[in-house]
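Asks: The structure follows.
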Amino acid sequence: MKAVHFGAGNIGRGFIGLLLSKSGYQVQFVDVNDQLVDLLKQRGEYTVTLANEQGDTIVVENITAINGKDLDAVAKAVAEADLVTTAVGVNILKFIAEGIARGIKLRVADSAYPLHIIACENAIGGSSQLKEHVYSHLSEEIRQRASSSVAFPNAAVDRIVPLQQHEDKLHVTVEPFFEWVVDRSAMLPGFHEIEEVDYVDNLQPYIERKLFTVNTGHCTAAYHGFLKGYGTIQDAMKDKALAAEVRETLGETGAALVREYDFNQADHNQYIDTIIERFRNPHLTDEVVRVGRSPIRKLSPNDRLVRPALMAHAHGMQVPHLARAMAAALLFDYPEDPESVELQSTIKEHGVQAAITKYTEIPETHPVHELVVAAYESLKHRD
Ligand SMILES: NC(=O)c1ccc[n+]([C@@H]2O[C@H](COP(=O)([O-])OP(=O)(O)OC[C@H]3O[C@@H](n4cnc5c(N)ncnc54)[C@H](O)[C@@H]3O)[C@@H](O)[C@H]2O)c1
Ligand SMILES: O=P(O)(O)OC[C@@H](O)[C@@H](O)[C@H](O)[C@H](O)CO
Numbered sequence: 001m002k003a004v005h006f007g008a009g010n011i012g013r014g015f016i017g018l019l020l021s022k023s024g025y026q027v028q029f030v031d032v033n034d035q036l037v038d039l040l041k042q043r044g045e046y047t048v049t050l051a052n053e054q055g056d057t058i059v060v061e062n063i064t065a066i067n068g069k070d071l072d073a074v075a076k077a078v079a080e081a082d083l084v085t086t087a088v089g090v091n092i093l094k095f096i097a098e099g100i101a102r103g104i105k106l107r108v109a110d111s112a113y114p115l116h117i118i119a120c121e122n123a124i125g126g127s128s129q130l131k132e133h134v135y136s137h138l139s140e141e142i143r144q145r146a147s148s149s150v151a152f153p154n155a156a157v158d159r160i161v162p163l164q165q166h167e168d169k170l171h172v173t174v175e176p177f178f179e180w181v182v183d184r185s186a187m188l189p190g191f192h193e194i195e196e197v198d199y200v201d202n203l204q205p206y207i208e209r210k211l212f213t214v215n216t217g218h219c220t221a222a223y224h225g226f227l228k229g230y231g232t233i234q235d236a237m238k239d240k241a242l243a244a245e246v247r248e249t250l251g252e253t254g255a256a257l258v259r260e261y262d263f264n265q266a267d268h269n270q271y272i273d274t275i276i277e278r279f280r281n282p283h284l285t286d287e288v289v290r291v292g293r294s295p296i297r298k299l300s301p302n303d304r305l306v307r308p309a310l311m312a313h314a315h316g317m318q319v320p321h322l323a324r325a326m327a328a329a330l331l332f333d334y335p336e337d338p339e340s341v342e343l344q345s346t347i348k349e350h351g352v353q354a355a356i357t358k359y360t361e362i363p364e365t366h367p368v369h370e371l372v373v374a375a376y377e378s379l380k381h382r383d
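In terms of the working numbering, the sequence shown is numbered consecutively and its last residue is 383.
As structure tokens, this is what we get:
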């Protein structure tokens, strides 16, 4: 069984590549980082360390890599694969689409054996978004032929993998916890199941619960932590007031999720507790600037702050803490992050109200918009 995985970065090597390899897939990574690709090709293996007391290690063997700039090689690999996965960042999906489309074209020309394409990104409907990008490169005739043999099931992936500090550029340290849930209803017969993956008929509650708990809590800790001068999530979570802010924020998303999806409140509280403990893992060093990266994406309408806030508001609930988290995101001024630079320049040029409307798409007349502006002013002028 052959798998092609786009993005040999932290989650690519530390989670997806590892599970695929354990399940008997021969994994070919595709990346545009020349050094990473060369090392993977030369060595054919890498090490994953679990951030636990014992520091357990696993060697992932029998892997190889392709340079993503070599579109012919990418297309050939996709044409021959049983499974394509991605962990490149949701905004990068459009850039990998052409190679996948060319692979599909080659593939449907001489066979119709099934291909599953699963985007493992932090986004709602990641694989569906990738499908749109891929299909924009295909003729109607090829789309028709692909419709019965190429599936794009959506997925939710959860494992904290920080930026790596190892001398060995392939070595990756990951938290022990992981969860990978795939939408079974969009799958074709004959799929070689990936071990330890959960297959569900309705993914929506799972992806929203993950994104609006793990990722909402994480970015809340990151943005408030950044404002308070903490370098890592672990240090930020030692601040009692900050940890309480994270919990209150997850109380707001939790109330909305329980109402929307009928989750059991006690089970959801347990889920929140587990996640907060994961943020505190003393064996991890996770920088606030990684977790807060791409604030424009994180402030976008379908992401971890705005969507749960509007969902809660629609159920008649108050969202002061989500509004504060959005305000803290608007104050994330980190020159090495291109989205932070754009955000700060928009605020400077057009004012915070216009920036909120532009990036969150919440109209100025909406009560949540007013809450975010007030929280922004109060955080900006804090002592
Ligand atoms: N790190 C985590 O804790 C975590 C957990 C769950 C989900 N995710 C999601 O996984 C995705 C990747 O995150 P990450 O932390 O591994 O990031 P990362 O930066 O470590 O890895 C991304 C990789 O994609 C590569 N890439 C960029 N453009 C490419 C292209 N055109 N073709 C092929 N490869 C390309 C980069 O070179 C890099 O190696 C994101 O969507 C993220 O939200 C991350
Ligand atoms: O990857 P992002 O930028 O969407 O979010 C940053 C972190 O919250 C994220 O990578 C988490 O570590 C991960 O989603 C845990 O499953």
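C-beta atoms are modelled at their ideal positions from N, C-alpha and C, and glycine is treated no differently.
Could you spell out where the alpha helix (DSSP H) holding Q28 opens and where it closes?
Replies: Q28 -> not in any alpha helix (DSSP H); beta strand (DSSP E) instead, spanning 26-31.
Asks: Distance check for I276 and F332, CA to CA, integer angstroms please.
Replies: Rounded to whole angstroms, F332 to I276 spans 22 angstroms at the Cα level.
Asks: Going by alpha carbons, who is nearest to R209 out of F152, E260, D337?
Replies: Of the listed residues, the one whose Cα sits closest to R209 is E260.
Asks: Any heavy atom of ligand 4 closer than 7 angstroms to the CB of D31?
Replies: Ligand 4 is absent from the structure shown, which contains only ligand 1 and ligand 2.
Asks: Candidates A323, P338, Q144, E349: which alpha carbon is nearest E370's?
Replies: Ranking A323, P338, Q144, E349 by Cα distance to E370 puts A323 first.
Asks: Identify whether I356 lies in helix, strand or coil by the three-state DSSP scheme.
Replies: I356: helix per DSSP, three-state reduction.
Asks: With respect to 7 angstroms, is the separation between the Cβ of A81 and the closest non-hydrogen atom of ligand 1 below this value?
Replies: The answer is no for A81.
Asks: Please report the residue range of the alpha helix (DSSP H) in which D383 lies.
Replies: Careful: D383 lies outside any alpha helix (DSSP H) and carries neither H nor E.
Asks: Taking its Cβ as the centre, do 16 or more other Cβ atoms sit within 10 Å of Q344, making it buried, or is it exposed?
Replies: Result: buried.
Asks: For I11, verify whether its CB is less than 7 angstroms away from any heavy atom of ligand 1.
Replies: Yes, since a heavy atom of ligand 1 falls inside the 7 angstroms radius drawn around the Cβ of I11.
Asks: Got a sec, what are the start and stop residues for the alpha helix (DSSP H) L242 sits in?
Replies: Taken as a continuous stretch (DSSP letters only), the alpha helix (DSSP H) holding L242 covers 240-261.
Asks: Any heavy atom of ligand 1 closer than 7 angstroms to the CB of I356?
Replies: Every heavy atom of ligand 1 is 7 angstroms or more from the Cβ of I356, so no.
Asks: Take the Cβ of T274 as the centre, count every other Cβ of all protein chains shown within 10 Å, and call the residue buried at 16 or more, exposed below.
Replies: Looking at its Cβ environment, which holds fewer than 16 other Cβ atoms inside 10 Å, T274 is exposed.
Asks: Using the C-alpha atoms, what's the distance from E45 back to F15?
Replies: Those two C-alpha atoms are separated by around 14 angstroms.
Asks: Please name the residue, chosen from V161, T86, Q54, R293, that lies closest to I337 on a Cα-to-Cα basis.
Replies: Looking at the sequence shown, residue 337 is not Ile but Asp. Residue R293 is the option with its Cα nearest to D337.
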